[in-house]
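Following: one structure in structure tokens, then a few remarks.
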């Protein structure tokens, strides 16, 4: 096999598909669009959460004397927003005259059953933020009854200063690291999935295009079949990696621009050990090899873009299964279904990375998963090459199962027949 | 590269697809520096033979030698092939596409780019170097395909239907280019349907029918052999009894018959009513140049 020809073909596949509108949209457009939408959504939510300006006054009727004494005097300092009313009729009148937008009633048996009533006007609706503010006031009033300021503070937020440590790391994990340890594997798996399936689709549609354009016969007299196959696999694999890198760079740039990301801190908190990254790359490569070869075989056996998409879609649906059954990972990452997904070759790239991220997986299982995936990828690559030999010149005709088995038989026979007649394509 | 006299040697080659015998014990040679023509009806085995020569498919038996030895990957760089079913990347720019195809044939990028530009000028597409293939007419695309075949200066050209899709002016242009290549010592194998083109251009010819060799030799030899009015047919029946047939010669397999006719060509007409039902189909294998 000529590495030079593999490089030429890989370079062409990369540069041609990099300039495709569909790739540029997937690589740049989708993440930018997603980040802008997320920024808008989070900004609006944050504003709504903090905004209490819609409320002029909120009343409190304390019939249980939790935050007032028997004369009605407040036992704790109330925020200016809240006003004590006694009796309840005063609060009701204030609500009807729009002096207050709502009032909370703490009934006499509150300490027994925790029941509180809220009355409000239709607009503005009493928000969750307002309820949280009221609860903070109520909690402060309840703990002040203990008379122990320190105990009162602990009761307010019992695990306020939670410090998490991981074995092998003497430093405490930050909140960001804790959040990242959950979300990062999910996002990485999603990126791997999109990169693998997206670039495999390019593989398939490129082959169909070459068949439709009748280019194959010219190619096969310039290069070996293995050079064409590996050139396409490597070129499009590099395209998939480029797509992931672009997404990560866009995300980091966005975070830096918003001032919310410290690169050094972020990378340290992501808990991406060299072993983890190496495993990620190995699964990406083997997963892409398996999918890419499958799509190569599909592209070589059909004659129309639409037909190839239908068949390719069936294969892609299988790879989505770990995401569909994500709940099984939450409940038990080493359970039966996650274990199956991490060993079955078509789901292993995503299935195993998710398991390794959220659980301790026996090294033997990881090794077995990699072995199965590697064997499957090589087998599919070999099959795809044989199907390609038969299908590449079958213009206007889809290969039947019989044709494919015929290709397998011919592939086996040609290794022993006419050995002096040149090298097989 | 072995400088043998025969550039291609096909010896006793057979190829079967299931029950269908595509090529049957075929033997012929192509000599260095000649224009060699293959002709025959659709399904005669021409394309299968070409593909076996190019090692795209393997024969079931027999041997094929190219440049005096077995076909290797290095051999590909000395061959230019233009298949019958051909095309180009539609969204690629001409010079980029030709450069890419040239580099696959072992050229450096700069050499391929330079040669692509020269050849595009030669075929009248110099102004279209940066055009996409989709912007070209069919005839212009065919010329580009011819350029792609010769860009790497191959020693052997194999062209299936070289003039397909070309108008008379471009046909003449491509002919002149083929002659020029022949004069440079290249060997050219062409698959054609038109006998008059074979007579005009080829040094030697091979006629195939149902995978078998029907005619083989130099064009002059074939002309002399069939100097009189003759038509080659296949079928069953008493050919001698036909009106207008002077003599009948049978090929070795007894499947095709050369009928030497009385009278001139314009008078020849075989009547289907003279044959028994289900027997001969005289119009089936008529070749211009040997008959009306």
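Residue numbers (the working numbering), protein chains in the order written: chain A, 1 to 425; chain B, 1001 to 1292.
Heads up, the beta-carbon is just placed ideally off N, CA and C, and yes, glycines get one too.
| query | result |
| --- | --- |
| Starting from residue 1025(B) and walking both ways along the beta strand (DSSP E), at which residues does that stretch end? | 1020-1031 |
| Mind reading off the beta-carbon distance from residue 1188(B) to residue 1214(B)? Whole number of angstroms is fine, and I expect it under 8 Å. | With 8 Å as the limit, residue 1188(B) and residue 1214(B) do not qualify as a contact, their Cβ atoms being about 21 Å apart. |
| Mind checking the segment 1097-1125 of chain B against chain A and listing, in chain order, the residues whose C-beta falls within less than 8 Å of any C-beta there? | 1100, 1101, 1103, 1104, 1105 |
| Nearest CA to the CA of residue 134(A): which residue from 154(A), 104(A), 92(A), 96(A)? | 104(A) |
| Taking a Cβ distance cut-off of 7 Å, strictly less, list which residues of the segment 208-231 of chain A are near chain B, in chain order. | 213, 214, 215, 217, 218, 220, 221, 222, 223, 224 |
| Quick one: what does DSSP say residue 4(A) is sitting in, helix, strand or coil? | helix |
| Looking at residue 1159(B) and residue 1094(B), is the spacing between their C-beta atoms short of 8 Å? | no |
| Taking C-beta pairs closer than 9 Å, name the residues in chain A that residue 1087(B) reaches, listed in chain order. | 210, 212, 213, 214, 215, 218 |
| In or out: residue 207(A) buried (at least 16 other Cβ within 10 Å) or exposed? | buried |
| Verify whether the separation of the beta carbon atoms of residue 369(A) and residue 342(A) is less than 8 Å. | yes |
| For residue 1090(B), return the contacting residues in chain A, with the cut-off set at a CB-CB distance below 7 Å. | 213 |
| Alpha carbon to alpha carbon, what distance is there between residue 1121(B) and residue 1151(B)? | 13 Å |
| Tell me which same chain residues have a C-beta within less than 7 Å of the C-beta of residue 1014(B), skipping the five on either side of it? | 1023, 1024, 1025, 1059, 1060, 1061, 1062 |
| Cβ of residue 254(A) within 8 Å of Cβ of residue 35(A)? | yes |
| With burial defined as no fewer than 16 other Cβ atoms inside 10 Å of the residue's Cβ, what is the status of residue 330(A): buried or exposed? | exposed |
| Out of 1020(B), 1041(B), 1116(B), 1032(B), state which residue places its alpha-carbon closest to the alpha-carbon of residue 1161(B). | 1041(B) |
| When you compare the segment 112-126 of chain A with the segment 78-85 of chain A, are there three or more beta-carbon pairs, one atom per stretch, that lie closer than 8 Å? | no |
| Spatial neighbours of residue 1249(B) within its chain, please: CB distance less than 6 Å, with the 5 preceding and 5 following residues excluded, ordered by chain position. | 1258 |
| Check for me: the alpha helix (DSSP H) holding residue 277(A) runs from which residue to which? | 274-301 |
| Please check if any C-beta of chain A sits within less than 8 Å of the C-beta of residue 1015(B). | no |
| When burial is assigned at 16 or more other CB atoms within 10 Å of the CB, is residue 1209(B) buried or exposed? | buried |
| Tell me, please, whether the CB atom of residue 1162(B) is closer than 8 Å to any CB atom in chain A? | no |
| State buried or exposed for residue 73(A), treating a residue as buried only when at least 16 other CB atoms are found within 10 Å of its CB. | exposed |
| Helix, strand or coil, according to DSSP, for residue 1055(B) in the structure here? | coil |
| So, using beta-carbon positions, are residue 1071(B) and residue 1055(B) closer together than 8 Å? | yes |
| Could you tell me which residues DSSP puts in a beta bridge with residue 1006(B)? | 1031(B) |
| Could you tell me the boundaries of the beta strand (DSSP E) in which residue 1249(B) lies? | 1245-1250 |
| Within 7 Å: the Cβ of residue 366(A) and any heavy atom of the ligand ADP? | Ligands in the displayed structure: none, and consequently the ligand ADP is not present. |
| Give the single residue among 1010(B), 1012(B), 1036(B) whose Cα lies nearest to the Cα of residue 1192(B). | 1036(B) |
| For the segment 8-20 of chain A, which residues have a CB atom closer than 7 Å to at least one CB atom of chain B, in sequence order? | 8, 12 |
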